[in-house]
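Note sheet for the following structure.
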Amino acid sequence: MLKGIVAALAMGLALPVVAESDTAKDVKDNAANVSDSAKDALHTDSGAEKTKRHAKRKVRNAKKDARHTKNDVKKDVKNATDNK
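Quick note on this note's numbering: the sequence shown kicks off at 2 and runs consecutively.
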């Protein structure tokens, strides 16, 4: 049991180091969007592949918008609490 607790604690301390920042996620998403746009410009893929790619792009953009909204709310809350 003690080994399990130590392992859980070690993982809890290591995970923030492994986690990607929002900026890194945005860069990765933008690179994927550029790649998808290039594939769209070639017009060489089937309808199913294009539909799947467009669905993934919409999910990426929604997640990016959610991250930006979350960060804006955090800044607003911090500014509101700092001014009191």
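Even glycine gets a Cβ: it sits at the ideal position worked out from N, Cα and C. Given the structure is predicted, the values throughout are model-derived calculations rather than measurements.
Residue j beta carbon less than 7 Å from that of residue i
| i | j | result |
| --- | --- | --- |
| D37 | R68 | no |
| D30 | K65 | yes |
Whole-number beta carbon distance between residue j and residue i, since they are thought to touch under 8 Å
| i | j | result |
| --- | --- | --- |
| R61 | A33 | 6 Å |
Candidates the options, of which the one nearest residue i by Cα
| i | options | result |
| --- | --- | --- |
| S22 | N72, N84 and I6 | N72 |
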